[in-house]
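Encoded as structure tokens, the structure appears first; notes follow it.
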Amino acid sequence: MTQGFAVDRAFATVAFKRRLAYKIQWMVALVLGGGAMLVSMAMWRNLLADGALSGYDWESMRAYIIIGFITATVVFGAADWHIADRILDGHIAIDLTKPVDFQRARAAEYIGSMISTVPTVIVGVVGAWLLFDPPGPASALAGVLTAVSFVLIFPLAFGITYLTVLVCFWTKRYIGVMWLREALLGFFSGMMIPLAFMPSWLQAVAWALPFPHFTTTPAAIYLGRVDTAGALGLLAAEAAWALGLWFGGRLVFRQAVKKVTVHGG
Amino acid sequence: MADTSTPGRSLTARHVGGVYGRSLVAQIRAITEYPADFWVMASAGVMWNVLQLAFLTVLFAAVPDVAGWDYHEMVMLAGLLSVAAGSTALLCDGVWSTGGMILKGEIDYRITRPAPVVVQVATTHIGMQGFGEVGFGLVMVVFGWIGAGLGLAAVPVGILGILCAIVIEGALITVFCAVNFWIKGPMSPFAFMLIDLQNSAMNLPLGLFPAGVRIVTMFVVPVAFVNFVPVAVLTGHLSAWWLIGTPLAAVASVLAAVGIYRLGLRSYDSSGH
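Below is the structure:
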């Protein structure tokens, strides 16, 4: 068991260091995430100038947008390409000969790469805090539970990403799959627009998917839109999705791995 | 290294056009070999725009306008940007490979061929998401056009806007990908930033942003002329005089792309030297 964790830690550390080696990625992530955040701030400040809409006033929206920035930076900045490339270029054939679980090793690498985005998040959040002075969490407990929901995003993001990366067993390129996933995640998580603005049927669709836990869940807990029991329920649902996607990934991998072809062989 | 972006000054536009056309046809043939990829990529292009339309529809159920722009005008704005981006993916997606080719020294043999290097690089790939983006983007433009009450009389202006949008978008991406001649790397982070920030900011009216943003997007990196200016002129948010700037921005962008790519080729020293 201890040796298993040591291997996980080694994979995560290598992925973390690999990401840190490309310093320009930090700048890119900060410009992209920070730029999107500033654009959202400009739009919502204009729209909420006359008062609240769908339960959001300018004060709560500022916190909401910063929470969206945090999750977007961590999730979109992770190294999903690394997993996809190993399937597409045939390196997976080597991975399958190693005495480590393929999914667990990729999870460790993926989470290591997510951790490498933390410096970008810190710089972005500190800058946003100074510029926009958002409200603090509804309570100390809400702050702690928001942090827990952020932590659960790590395995949840891996579960969704891994399942979509496995599509590469059937395709020759990954970018289209990635765009599909990011488009769905951006919309149904509430990053583009809070779910509260959507009609009830569309909200039902969103809550039937794992995506709302990327922005709506941490924001709802942080802003006190749910009481403690509700927050714990949301965290339980988030954890259940992470667990379900983990085992879903195993099932799909068993079928997908039969499709492995390396340079036509 | 010598400037070889236009080898043999006697190269005619017909010859270059022929090379460009044949290269693109070869890529289309390659696409047909991988139907799963085609459908995934085209679906991604459509889905991105469907969700953009859904975002606007949800937003405008709660607000009557955004900085004075109504629903149909905003749909046109998003649709025109999508058509421009999708067309670029179909017509010159290979420029995204510039950085990788520089690192691997793959520009070498392209320099020896009797066709402009930028044309050869641009046609090494087709972004299949472009089919979905152009298709659904046009649907959004037409939907917004009808909803905004624009008639057939404005169609020539619309066509001019679309053509200039495609040229400006393709030229600006080429400029930002050419940065890799000096800042080496397999990816094109500056072009990626351009596209991403364009998708964030240029789907919204420029009136939302500070004056500095408006000046930069109109006169420094003229992305405003891709979708904002043509739609603003068509819908009466800007005077018709602004339309003159659209072809001017297209010409300036193309000259910048050709010039910067040429400068990049001069500083290109292959791999490992």
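Sequence order for the protein chains is F and X.
Numbering-wise (full-length UniProt numbering), the first sequence opens with residue 1 and increments by one.
Numbering-wise (full-length UniProt numbering), the second sequence opens with residue 1 and increments by one.
C-beta atoms are modelled at their ideal positions from N, C-alpha and C, and glycine is treated no differently.
What you are looking at is a predicted structure, and each value in this text was computed from that prediction instead of being measured.
Subject >> Classification of F/V167 by the beta-carbon crowding that lies within 10 angstroms, buried from 16 upward >> reply: buried
**OP:** Output the distance between the C-alpha atoms of F/G55 and X/A148, rounded to the nearest integer angstrom.
**Re:** 30 Å
**OP:** Count the C-beta pairs between the region 141 to 159 of chain X and the region 229 to 241 of chain X that are closer than 8 Å, then say yes if the count reaches three, no if not.
**Re:** yes
Original post:
Could one say the Cβ of X/G45 lies closer than 9 Å to chain F's Cβ atoms, at least one of them?
Top reply: yes
**OP:** Tell me, please, whether the CB atom of X/F136 is closer than 9 Å to any CB atom in chain F?
**Re:** no
Original post:
Name the DSSP bridge partner or partners of F/L53?
Top reply: F/Y56
Original post:
Where do the ends of the alpha helix (DSSP H) carrying X/G18 lie?
Top reply: 13 to 32
**OP:** Give the DSSP-derived three-state secondary structure of X/V66 in the structure shown.
**Re:** strand
Original post:
Between the region 228 to 244 of chain F and chain X, which residues of the former have CB atoms less than 9 Å from a CB of the latter, in chain order?
Top reply: none
Original post:
Between which two residues does the alpha helix (DSSP H) containing X/L152 stretch?
Top reply: Unbroken run through X/L152: none, as it is neither H nor E.
Subject >> Contact list for the region 195 to 229 of chain X against chain F, Cβ threshold 7 Å >> reply: D196, L197, S200, A201, L204, L208, F209
Original post:
If you measure beta-carbon to beta-carbon, which residues of the region 93 to 113 of chain X are closer than 7 Å to chain F?
Top reply: none
Original post:
Helix, strand or coil for X/N227 per DSSP?
Top reply: coil
Subject >> Reduced DSSP secondary structure (H/G/I, E/B, other) of F/D85 >> reply: helix
**OP:** Quick one: grab the DSSP three-state call for F/D101.
**Re:** coil
**OP:** Check each candidate in X/G18, X/V58, X/G259, X/L11 and name the one with the smallest Cα separation from F/S201.
**Re:** Correcting the residue identity first, residue 201 of chain F is Trp in this sequence and not Ser. Nearest option by C-alpha distance: X/V58.
Subject >> Cα-Cα separation, F/L185 to F/F211 >> reply: 6 Å
**OP:** Could you work out which residues of chain X lie near F/R173, taking near to mean beta carbons separated by less than 9 Å?
**Re:** Y34, D37, V40, M41, M128
Original post:
Is the CB-CB distance between F/G92 and F/V257 below 9 Å?
Top reply: For the sequence presented, residue 92 of chain F should be read as Ile rather than Gly. Taking 9 Å as the Cβ cut-off, F/I92 and F/V257 qualify as a contacting pair.
**OP:** Using a Cβ cut-off of 9 Å (strictly closer), state whether residue 279 of chain X contacts chain F.
**Re:** Nothing can be reported for residue 279 of chain X: it is not among the residues displayed for chain X, which extend from 1 to 273.
Original post:
In chain F, what lies closer than 7 Å to X/A54 by C-beta?
Top reply: F187
Original post:
For X/S97, does the three-state DSSP call read helix, strand or coil?
Top reply: helix
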